[in-house]
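Top to bottom, those sequences are chains F and C.
For the numbering used here, add 146 to where a residue sits in the first sequence, where the first one is 1.
For the numbering used here, add 633 to where a residue sits in the second sequence, where the first one is 1.
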Amino acid sequence: DAKTTQPPSMDCAEGRAANLPCNHSTISGNEYVYWYRQIHSQGPQYIIHGLKNNETNEMASLIITEDRKSSTLILPHATLRDTAVYYCIVRARRTGNQFYFGTGTSLTVIP
Amino acid sequence: GAVVSQHPSWVICKSGTSVKIECRSLDFQATTMFWYRQFPKQSLMLMATSNEGSKATYEQGVEKDKFLINHASLTLSTLTVTSAHPEDSSFYICSARDPASPAETQYFGPGTRLLVL
Chain F
147 DAKTTQPPSM DCAEGRAANL PCNHSTISGN EYVYWYRQIH SQGPQYIIHG LKNNETNEMA
207 SLIITEDRKS STLILPHATL RDTAVYYCIV RARRTGNQFY FGTGTSLTVI P
Chain C
634 GAVVSQHPSW VICKSGTSVK IECRSLDFQA TTMFWYRQFP KQSLMLMATS NEGSKATYEQ
694 GVEKDKFLIN HASLTLSTLT VTSAHPEDSS FYICSARDPA SPAETQYFGP GTRLLVL
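1) Have a look at the DSSP bridge pairing and note the partners of Phe245/F.
2) When the distance is taken between beta carbons, is Phe661/C closer than 9 angstroms to Ala705/C?
3) To the nearest angstrom, how far is the alpha carbon of Ala230/F from that of Gly694/C?
4) Can a CB atom of chain D be found closer than 9 angstroms to the CB of Ser651/C?
5) Is Arg657/C helix, strand or coil when you go by DSSP?
6) Counting only C-beta atoms, is His195/F closer than 9 angstroms to chain C at any point?
7) Counting only beta-carbon atoms, is Asn199/F nearer than 9 angstroms to chain C?
8) Could you check if Gly189/F is buried or exposed, using at least 16 other CB atoms within 10 Å of its CB as the buried criterion?
9) Between which two residues does the beta strand (DSSP E) containing Met156/F stretch?
10) Using the Cα positions of Lys647/C and Cys158/F, report the straight-line distance between them to the nearest angstrom.
11) When DSSP builds the beta bridges, which residues end up paired with His640/C?
12) Just to confirm, are Val179/F and Leu221/F a CB contact at a threshold of 9 angstroms?
13) Quick one: using the 10 Å Cβ neighbour count with 16 as the cut-off for buried, is Gln675/C buried or exposed?
14) Select from the segment 640-668 of chain C all residues with a C-beta closer than 7 angstroms to any C-beta belonging to chain F, and list them in chain order.
15) 9 angstroms is my cut-off, CB to CB: does Tyr182/F come that close to chain C?
16) Consult DSSP for Leu226/F and reduce its assignment to one of helix, strand or coil.
17) From Tyr669/C to Pro154/F, what distance separates their C-alpha atoms?
18) Among Gln191/F, Ser171/F and Arg183/F, whose alpha-carbon lies nearest the alpha-carbon of Thr150/F?
19) 9 angstroms is my cut-off, CB to CB: does Arg237/F come that close to chain C?
20) Can you confirm whether Gln693/C, when its beta carbon is compared against all beta carbons of chain F, has any partner nearer than 9 angstroms?
21) Note down, in chain order, every chain F residue with its Cβ under 8 angstroms from the Cβ of Ile702/C.
Structural data, given as structure tokens:
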């Protein structure tokens, strides 16, 4: 399984862009990168996913490097409600496509 | 996005009793669901993969006789914690894989908080 590495914590000023990095240097060619976030005491919320190309939706943008060894989740205008733990996951290659969560990045948006 | 519900949202029980948690996919059919457990200040830990109409696949170290999983329909999976003990107190979260998604995205339920006294 490809493993991911994320910084344990980050701060971001309200209204500014939050850039959350993820390293997945052992990713294989057919594995997607997924981003989820977990607000305290809730289930994880799907944010975005990508394979090779950069992706954007109403929540965030996902930038994947050309070699696919790392990616960055961008929240363009962070709000206080974006304070959460953000998880970068690479889909397991084993049958069943399980997700294995790392420790994630705890993002704190500061007023 | 797709919606997954869990019931109950929280439960308190006495040691030795069994507790059943339901996970439902509300607007899609899920042939595969997953069960996770999360202890305070820790990440989610995958417990088992639940496949509709077949036996669940448990992760290493998870007792299959203690955590009974049933996936009898395409929209419902249940997790039963048998003979619960205080160390089973945790936040239990399910997810369902959306087969319509080319990337097989998983959608998570809101979680069930279990407290065993």
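All C-beta atoms in this analysis are idealised placements derived from N, C-alpha and C, irrespective of residue type, glycine included.
Put simply:
1) The partner list for Phe245/F (beta bridge, DSSP) is empty, contrary to what the question assumes.
2) No. Outside cutoff.
3) Note on geometry: alpha-carbon atoms of Ala230/F and Gly694/C lie some 29 angstroms from one another.
4) Among the protein chains of the structure shown, namely F and C, there is no chain D.
5) Judged by DSSP in its simplified three-state form, Arg657/C adopts strand.
6) Yes, contact with chain C.
7) False, the Cβ-Cβ gap to chain C never drops below 9 angstroms.
8) Gly189/F should be labelled buried.
9) Run containing Met156/F: Ser155 to Ala159, per the beta strand (DSSP E) assignment.
10) For Lys647/C and Cys158/F, the distance between alpha carbons rounds to 43 angstroms.
11) Its beta-bridge partners are Glu655/C.
12) Not in contact: Val179/F and Leu221/F (Cβ atoms no closer than 9 angstroms).
13) Within 10 angstroms of the beta-carbon of Gln675/C lie fewer than 16 other beta-carbons, which makes it exposed.
14) Taking 7 angstroms as the Cβ-Cβ cut-off against chain F, the residues of the segment 640-668 of chain C that qualify are Thr665 and Phe667.
15) For Tyr182/F, the answer is yes, since a Cβ of chain C falls inside 9 angstroms of its Cβ.
16) Helix, per DSSP.
17) Those two C-alpha atoms are separated by around 21 angstroms.
18) Here the closest residue by C-alpha is Ser171/F.
19) Chain C, which has a Cβ nearer than 9 angstroms to the Cβ of Arg237/F, makes this yes.
20) Interface with chain F (9 angstroms Cβ-Cβ cutoff): Gln693/C is excluded.
21) Chain F residues near Ile702/C: none, gap ~13 angstroms exceeds 8 angstroms.
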